[in-house]
Amino acid sequence: MDDCIFCKIIRGEIPSEKHYEDDLMIVIDDISPKAEKHYLAIPKKHYKLFSQMTEKDADDLGHCLRKIGEIAPSLGLNNGFRCIVNQGDDAEQTVFHLHMHLLGGQKLSTPDYRI
Ligand code: AMP
Ligand code: ZN
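Read in order, the letters of the sequence shown correspond to residues 54 to 168 in our numbering.
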């Protein structure tokens, strides 16, 4: 999508601190971190909502989740992390390209680590 900020990051048109990339996903630092470690795992295909996914998208997202688990220690998330996906208006999703927030590097119990 031409005007999507995450598509622009994926295409290299906007700079980012990239920690991982493969054919299906990038993992970058969130520009406005809400915890000691705050990454965004962004599937490369542009869509906004789970409800818009194809079966292939679901397979690809499964790959992304498995890969997140695999690389978590290299991201400093070896003691656990929280994975959050905001979906739509009530969740106050602000970037309409599906992405997973990965929060960690500290205990996330207090205060409230909503995104
Ligand atoms: P959401 O509200 O779930 O759509 O989350 C969007 C996230 O994208 C927010 O946490 C923003 O801080 C983050 N964000 C917006 N622009 C950038 C950017 N250029 N680089 C990295 N993260 C960004
Ligand atoms: Zn996009």
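For glycine and all other residues, C-beta sits at the position ideal for the given N, C-alpha and C.
Computed from a predicted structure; not experimentally measured.
Provide the residue span of the beta strand (DSSP E) that contains residue i, from first to last.
i, result
"I79", "M78 to D82"
Determine which residues share a DSSP beta bridge with residue i and list them.
i, result
"C136", "L155"
"H91", "L156"
"P68", "Its beta-bridge partners do not exist; DSSP assigns none."
"P96", "M78"
For the alpha helix (DSSP H) containing residue i, list its first residue and its last residue.
i, result
"I124", "E108 to I124"
"K71", "Not the alpha helix (DSSP H): K71 falls in the beta strand (DSSP E), residues K71 to E74."
Give every residue of the same chain whose Cβ lies closer than 7 Å to the Cβ of residue i, excluding the five residues on either side of it in the sequence, and list them in chain order.
i, result
"A125", "N131 and F134"
"F59", "I95, V148, H150 and H152"
"Q159", "A88 and E89"
Within a Cβ cutoff of 8 Å, which residues of the same chain sit near residue i, ignoring the five residues on either side of it in sequence?
i, result
"V195", "As shown, the chain starts at 54 and ends at 168. That puts residue 195 outside it, with no answer to give."
"D82", "S69, E70, H72, H91, Y92 and L93"
So what does DSSP say about residue i, is it helix, strand or coil?
i, result
"K101", "coil"
"F149", "coil"
"C60", "helix"
By Cβ distance below 6 Å, which residues in the same chain neighbour residue i in space, the five residues on each side in sequence not counted?
i, result
"E145", "none"
"I62", "S69"
Report yes or no: do the segment 99-109 and the segment 142-161 share at least 3 C-beta pairs separated by less than 8 Å? In short, these stretches touch, since the Cβ pair count reaches three.
Can we say the segment 107-117 touches the segment 135-144, given the rule of at least three CB pairs closer than 8 Å? As far as the Cβ criterion goes, the segment 107-117 does not touch the segment 135-144, which means the pair count is below three.
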